[in-house]
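Worksheet: the structure to be examined is printed underneath.
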Amino acid sequence: MKAVVGAAWAAVVRRRLQTFVTAVVVLLACATSVLALGLLTASLAPFDHAFAELRGAHATVSVDATKATEDQVRATADRPGVIAVGGPYPSATAVPTLSGGRAAPTAVTVVGRADPDGPVDALRLAAGRWVRAPGEVVMAASGLVPGTAVGDRVRFGDVELTVVGVASSVTETAAAWTLPEQIAALRPTGNCCGAASDSACCGAAPDSACCVAATDSACCGAATDSAAAAAAAVPTFQVLYRFADAGDDTAVSTGVAEVRAGLPEGAVLGSTSYLRARHEAAGVASLVVPFVTASGVLGIVMSVLIVGNVVSGAVVAGYRGIGVLKALGFTPAQVCAVYIAHVLFPALIGAALGTVVGHLLSIPLLADTADSYAVPEVAAIPWWVDVAVPLGLAVVVCAAALVPALRAARIPAVQAIAVGRAPRGGRGFRVHRLLARTRLPRAVSLGLASPFAKPGRTAMTFAALLLGTAAVTFAYGLRGTLDRADDGLSRNGSSQVTVALRMPQAPPEGPLPPPAPADRGGPSADPEAVAAVLRADPGTARFTPVTRLSVQVPGRTQPVELTAYDTDSSWLGYPVLAGRWFEGGGEAVVPTVFLRSAALELGDEITVESDGRRATVRIVGEIFSNEENSILTDRGTAAALSPGAPIVEYEVRVADGTSAGAYAARISENPVFDAGVGAAQTRDASNGTITVLLGLIGLLTVLLAVVAALGVLNTVALDTRERAQAIGVLKSLGMTPRQTMAMVVTSVVALGLVGGAVGIPLGVALHHLVAPVMADTADLRLTDPMVAVYGIPAYAALAASGAVPAALGAALPAAWAARTRAAAWRTE
Numbered sequence: 155m156k157a158v159v160g161a162a163w164a165a166v167v168r169r170r171l172q173t174f175v176t177a178v179v180v181l182l183a184c185a186t187s188v189l190a191l192g193l194l195t196a197s198l199a200p201f202d203h204a205f206a207e208l209r210g211a212h213a214t215v216s217v218d219a220t221k222a223t224e225d226q227v228r229a230t231a232d233r234p235g236v237i238a239v240g241g242p243y244p245s246a247t248a249v250p251t252l253s254g255g256r257a258a259p260t261a262v263t264v265v266g267r268a269d270p271d272g273p274v275d276a277l278r279l280a281a282g283r284w285v286r287a288p289g290e291v292v293m294a295a296s297g298l299v300p301g302t303a304v305g306d307r308v309r310f311g312d313v314e315l316t317v318v319g320v321a322s323s324v325t326e327t328a329a330a331w332t333l334p335e336q337i338a339a340l341r342p343t344g345n346c347c348g349a350a351s352d353s354a355c356c357g358a359a360p361d362s363a364c365c366v367a368a369t370d371s372a373c374c375g376a377a378t379d380s381a382a383a384a385a386a387a388v389p390t391f392q393v394l395y396r397f398a399d400a401g402d403d404t405a406v407s408t409g410v411a412e413v414r415a416g417l418p419e420g421a422v423l424g425s426t427s428y429l430r431a432r433h434e435a436a437g438v439a440s441l442v443v444p445f446v447t448a449s450g451v452l453g454i455v456m457s458v459l460i461v462g463n464v465v466s467g468a469v470v471a472g473y474r475g476i477g478v479l480k481a482l483g484f485t486p487a488q489v490c491a492v493y494i495a496h497v498l499f500p501a502l503i504g505a506a507l508g509t510v511v512g513h514l515l516s517i518p519l520l521a522d523t524a525d526s527y528a529v530p531e532v533a534a535i536p537w538w539v540d541v542a543v544p545l546g547l548a549v550v551v552c553a554a555a556l557v558p559a560l561r562a563a564r565i566p567a568v569q570a571i572a573v574g575r576a577p578r579g580g581r582g583f584r585v586h587r588l589l590a591r592t593r594l595p596r597a598v599s600l601g602l603a604s605p606f607a608k609p610g611r612t613a614m615t616f617a618a619l620l621l622g623t624a625a626v627t628f629a630y631g632l633r634g635t636l637d638r639a640d641d642g643l644s645r646n647g648s649s650q651v652t653v654a655l656r657m658p659q660a661p662p663e664g665p666l667p668p669p670a671p672a673d674r675g676g677p678s679a680d681p682e683a684v685a686a687v688l689r690a691d692p693g694t695a696r697f698t699p700v701t702r703l704s705v706q707v708p709g710r711t712q713p714v715e716l717t718a719y720d721t722d723s724s725w726l727g728y729p730v731l732a733g734r735w736f737e738g739g740g741e742a743v744v745p746t747v748f749l750r751s752a753a754l755e756l757g758d759e760i761t762v763e764s765d766g767r768r769a770t771v772r773i774v775g776e777i778f779s780n781e782e783n784s785i786l787t788d789r790g791t792a793a794a795l796s797p798g799a800p801i802v803e804y805e806v807r808v809a810d811g812t813s814a815g816a817y818a819a820r821i822s823e824n825p826v827f828d829a830g831v832g833a834a835q836t837r838d839a840s841n842g843t844i845t846v847l848l849g850l851i852g853l854l855t856v857l858l859a860v861v862a863a864l865g866v867l868n869t870v871a872l873d874t875r876e877r878a879q880a881i882g883v884l885k886s887l888g889m890t891p892r893q894t895m896a897m898v899v900t901s902v903v904a905l906g907l908v909g910g911a912v913g914i915p916l917g918v919a920l921h922h923l924v925a926p927v928m929a930d931t932a933d934l935r936l937t938d939p940m941v942a943v944y945g946i947p948a949y950a951a952l953a954a955s956g957a958v959p960a961a962l963g964a965a966l967p968a969a970w971a972a973r974t975r976a977a978a979w980r981t982e
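What follows is the structure, encoded as structure tokens:
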């Protein structure tokens, strides 16, 4: 064994180029494999562990308690596909007021549960205890109501509750929990003042008798206000479901549809899927896994080809050494072990470095997945990945080296010593003679014929160049898709300027975030005056007013931003994936992620609540957007929910040839903003995640191209050394250094051109396969123009992506061959 290790190490030291190439290609393959497998497991492991341990809810459903009884809800446990039901739990939506009189930015969901345990969604107490009596509340640890701790007092309307605990729900089913009998007191009273503390309606004194009958127009205005408030006071149930099949959005939607079918019509107000929380747990990491996986597979295949080429070349170049080893008493098995160990040593070094590089690349991608989800874990690459990937690559490298190593073991010692460096000749002579008859320069024809002398090695080099071209083509297409997706998300091509009418308030003291845009106070510019300024400016092509409301959708624990435009606003540039743009009140368009998270389809109706009013909107379109809690609709719908909702901004498309920056500066200087309110600014909504992805794509593509070039470098170096005598003869016959370089470079550039022609379709196919998968992990669907990014100029440029690495890889050995004198070649 000692003799085998010594001989292998001597080969490692002597063949430095092959050692370097092997280490680098294994480093890349290991780094991408660790990154892909590590991200996939690390990003989802905390959530999956917590979800299984705490029996998380596959769907959270909100039910109208006036249309379905508790017995009817419990009976849904017998619906097909339902395996467990939690609840029904009474629930309410209210805006909490925290210590110091600070109101939370939006309304939250409070659920009545007597016990934190249950068949679905067991709650994990992080601090304090569970509620035992009325007047107590347990807050969510997720930060839906920030700034609360055990011992604080939180007011919901007229009811003040003491925080006795902090708990975690793996899918954030609520912002707070209290006893079921406490929920009725948290709901609106049915009058126009809600909890009768609205000074604008009832004065400073909380006189609940002010609007009891809801007919006093001096206090409450029209009686319809009472109807809206009464609708908000309708009791609701939260019901939690686990399904036998909940692996994807379709399966969850099917389960929710079964629940709907088992309840009276209109009883289900809304629902939320656990897949949304799972996706958020993975963060950016899940988005890059498909791309990194594809890059890892390409890297591993290229490593196998190049390592096999390295060992094959070492065997051919070391026939005399093989004979010497056998003459010294090495058995065939020991000779085989020497050649396997020759590549295993640098492969282990490359794998170790690749593991470190994979961890470094994962740091920014796992930065937003570090929450533990109620289990003592953090998002980090598991230790077994660091062991399994390097060992797996070591096995792959040994397997790639096995065939040429066995070839070395089978050669008789006498034959190896006698044959020396070139065991067989005569290959490619026919091609040489055929190309000699052409009008090509002799150096070029010799270079073109050279690959036919070693068909096996040529095939492996060709495959490496082909995969390198495929990787570049794949990366080009993915970059184009991401650029177009970024344009679709930012809409900078359709709406370039935003004119805000208000200046946001300074954030309140403490950790509480500022209110949502619709609730921001402070002075505001006159909307009509601003609209007149926009109409008069020659740089204005189109504009539309924007109203924003923070609304509640039953079944969702987080508030939803309702953005309302004029009806004629389809020019805003939101890509419509399915259905159509809204055409009037009562219609809305939503992002793909909203449909998936709520298990909805086009044509479904949803209920939205704001300011004690309810409205029903029909989903008529699916848009390309990454905003989960977002509904886009007509301003008439917003007016029905909040008659006094102001215009908060205008979105503007500038005329062709107009600078958006100059336009925004000009509008901002108008006297309509002299009071120091509002301003115009250019829209810059480029997605940060896409920027991270583009950087990673560029890095891995360069690495794959470098690997392809190193493979060529190794092949050409081996060929040049093996053809030492032939090159010496050619130089003696008058071949110049420039012709020598042309001959060596031509031998692989032709392979690169052919490999490029074949690799382009492979890269395009890989792009068309991976890009939709990446979009799907981000809850996006791509439009056809986002995928069709290749054109004739792109194909022409990509065709050279195989020849360029080939030329770069051949440059060094070609220069070496050109510099060496003929006398030195003849001594070989």
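No gaps in the numbering here: position 820 of the sequence shown is 974 in our numbering, and each next residue is one more.
All residues carry an ideal CB built from backbone N, CA and C; glycine is no exception.
For clarity, every value in this text was computed on a predicted model and none was experimentally measured.
With a Cβ-Cβ cutoff of 8 angstroms, do leucine 858 and serine 764 count as a contact? Contact: no.
Tell me the start and end of each unbroken alpha helix (DSSP H) in the region 282–342 that is at least 4 residues and wholly inside, in chain order. Segments of the alpha helix (DSSP H) lying fully in the region 282–342: 337–340.
Between valine 707 and threonine 717, what straight-line distance do the alpha-carbon atoms span, to the nearest angstrom? Roughly 14 angstroms between the two C-alpha positions.
I need the straight-line Cα distance from valine 771 to alanine 222, nearest angstrom please. When rounded, the distance between both Cα atoms is 22 angstroms.
Quick check on leucine 848: does DSSP put it in helix, strand or coil? Residue state for leucine 848 is assigned as helix, using DSSP reduced to three classes.
Check this for me: beta carbons of threonine 214 and threonine 325, under 8 angstroms apart or not? Contact: yes.
Whole-angstrom distance between valine 292 and isoleucine 801, CA atom to CA atom: Taking the straight line from one Cα to the other gives about 37 angstroms.
So, with DSSP's three-state summary, where would you put tyrosine 949? Here tyrosine 949 sits in helix by DSSP.
The ligand NAD heavy atom lying under 7 angstroms from the CB of glycine 910: This structure lacks the ligand NAD, and indeed carries no ligand of any kind.
C-beta contact flag for serine 653 and valine 684 at 8 angstroms: One point to set straight first is that residue 653 is valine, not serine, in the sequence displayed. A contact, by the Cβ cut-off of 8 angstroms.
In chain order, what residues of the same chain lie with their CB nearer than 7 angstroms to the CB of arginine 283, ignoring the 5 residues before and after it? When the five nearest sequence neighbours on each side are left out, the beta carbons in the same chain lying within less than 7 angstroms of the beta carbon of arginine 283 are those of Val318 and Gly319, in order along the chain.
Below 8 angstroms, can you find three or more Cβ-Cβ pairs linking the region 865–877 to the region 950–967? Yes: at least three Cβ pairs fall under 8 angstroms.
Could you tell me whether the Cβ atoms of valine 550 and valine 458 are closer together than 8 angstroms? Taking 8 angstroms as the Cβ cut-off, valine 550 and valine 458 qualify as a contacting pair.
Since proline 745 and glutamate 781 are thought to touch, with beta carbons under 8 angstroms apart, how far apart are those beta carbons, to the nearest angstrom? About 6 angstroms; that satisfies the 8 angstroms criterion.
In whole angstroms, what is the alpha-carbon distance linking threonine 173 and alanine 559? Taking the straight line from one Cα to the other gives about 16 angstroms.
With a cut-off of 8 angstroms on the beta carbons, I'd call proline 334 and alanine 276 a contact; round off their distance for me. Distance from proline 334 to alanine 276 at the Cβ level is roughly 17 angstroms; contact not present, criterion being Cβ atoms closer than 8 angstroms.
Report the start-end ranges of each alpha helix (DSSP H) in the region 844–904 that is 4 residues or longer and not cut off at the edges. With a minimum length of 4 residues, the continuous alpha helix (DSSP H) runs that stay inside the region 844–904 are 878–886.
Just how far apart, CA to CA, sit isoleucine 565 and valine 166? Cα to Cα, the separation comes out at about 22 angstroms.
Considering serine 704, what are the terminal residues of the beta strand (DSSP E) in which it resides? Run containing serine 704: 694–705, per the beta strand (DSSP E) assignment.
Beta-carbon gap between leucine 208 and arginine 278 smaller than 8 angstroms: Between leucine 208 and arginine 278, the C-beta spacing is below 8 angstroms.
DSSP on glutamate 682, reduced to helix/strand/coil? Note: glutamate 682 maps to helix in three-state DSSP.
To the nearest angstrom, how far is it from the Cα of alanine 287 to the Cα of serine 724? Cα to Cα, alanine 287 sits roughly 53 angstroms from serine 724.
Of the residues Val747, Ile773 and Phe205, which one's Cα is nearest the Cα of glycine 739? Closest option to glycine 739, Cα to Cα, is Ile773.
Pull up the CB-CB distance for alanine 1019 and leucine 547, whole angstroms please, since I reckon it's below 8 angstroms. Past the edges of the chain, shown from 155 to 982, lies residue 1019, and the structure says nothing about it.
Proximity of valine 158 and alanine 491 at Cβ, strictly below 8 angstroms: In this structure, valine 158 lies near alanine 491, with their beta-carbon atoms less than 8 angstroms apart.
Closest Cα partner of methionine 897 within the set Leu514, Leu340 and Gly601: That would be Gly601, whose Cα lies nearest to the Cα of methionine 897.
Distance, glutamate 755 Cα to glycine 647 Cα: Taking the straight line joining both Cα atoms gives about 29 angstroms.
Could you tell me the distance, in whole angstroms, from the CA atom of glycine 240 to the CA atom of glycine 272? If you take the alpha carbons of glycine 240 and glycine 272, they lie about 7 angstroms apart.
Could you give the DSSP three-state label for tyrosine 719: helix, strand or coil? DSSP, read as helix, strand or coil, puts tyrosine 719 in strand.
Residues in its own chain within less than 6 angstroms of arginine 935 by CB, not counting five upstream and five downstream? So the list reads Leu731 and Thr746, once near-sequence residues are dropped.
The alpha helix (DSSP H) with aspartate 788 in it runs from where to where? Premise fails: aspartate 788 lies in the beta strand (DSSP E), 784–788, not in any alpha helix (DSSP H).
Is the region 946–964 touching the region 614–631, taking contact as three or more C-beta pairs under 8 angstroms? Touching, yes.
As assigned by DSSP and simplified to three states, the class of glutamine 650: Annotated three-state conformation of glutamine 650 is coil, per DSSP.
From this set, Ala177, Ala819 and Val924, which residue's C-alpha is nearest glycine 544's C-alpha? Per the sequence shown, residue 544 should be read as proline rather than glycine. Ranking the options by Cα distance to proline 544, first place goes to Ala177.
Where does alanine 942 sit, in a helix, a strand or coil, going by DSSP? In the three-state scheme derived from DSSP, where H, G and I count as helix and E and B as strand, alanine 942 is classed as coil.
Can you list, in chain order, the residues of its chain whose CB lies under 6 angstroms from that of methionine 940, leaving out five sequence neighbours each side? Excluding positions up to five away in sequence, the list reads Thr635, Arg638 and Ala639.
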